[in-house]
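Following: one structure in structure tokens, then a few remarks.
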């Protein structure tokens, strides 16, 4: 469990940033425009990048597997917490949110709540996987032989 403490902390911090961004958008009534959710990938990516970077600096036995797990745990925790917040917000705090969202994007779908919650979770986990794989290319150690200068 100790090896997951750092990624969990970064995941909680990342989810806090995602929630804050969503609430700022809601202040300006922009939270129903799904195009603003593209910035969520940048927030999540920054959290994953920092978690992997910090873990690499802290752990002398850092390898690809440890970094990959750190990225997945960070993004997974952030996605899980944000999805829970999103469900709470849309069903308890602002009950008109899903109606506004459905009139803008999905007029004919029944059971729109479930579709939205699953979509938010899938987008978060997919973003986590892609960004973790991308960032690990930056942090992995090279197996190439170093050229000797003559």
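Numbering (our numbering), first residue to last: 131 to 280. Where is the CB? At the ideal position from N, CA and C, for every residue including glycine. In this text the structure is predicted, and so the values were computed from the model without any measurement.
Check	Outcome
Bounding residues of the alpha helix (DSSP H) (the contiguous stretch that carries residue 219)	From DSSP, residue 219 is part of no alpha helix (DSSP H); its letter is neither H nor E.
Rounded C-alpha distance that separates residue 221 from residue 147	21 Å
As assigned by DSSP and simplified to three states, the class of residue 170	helix
DSSP three-state assignment for residue 196, whether helix, strand or coil	helix
Alpha-carbon to alpha-carbon, residue 217 and residue 261	24 Å
Residue 225 (DSSP reduced to helix, strand or coil)	coil
For residue 190, three-class secondary structure by DSSP	coil
Residues near residue 209 in its chain [Cβ-Cβ closer than 7 Å; skip 5 each side]	251, 254, 255 and 258
8 Å Cβ cutoff met for residue 249 and residue 205	no
6 Å Cβ shell around residue 211 - same chain, five flanking residues per side excluded	145
For residue 229, the nearest candidate out of 161, 135, 140 and 132 (CA to CA)	161
Beta-carbon proximity of residue 200 to residue 155, cut-off 8 Å	no
Residue 134 versus residue 177: straight-line alpha-carbon distance, rounded	15 Å
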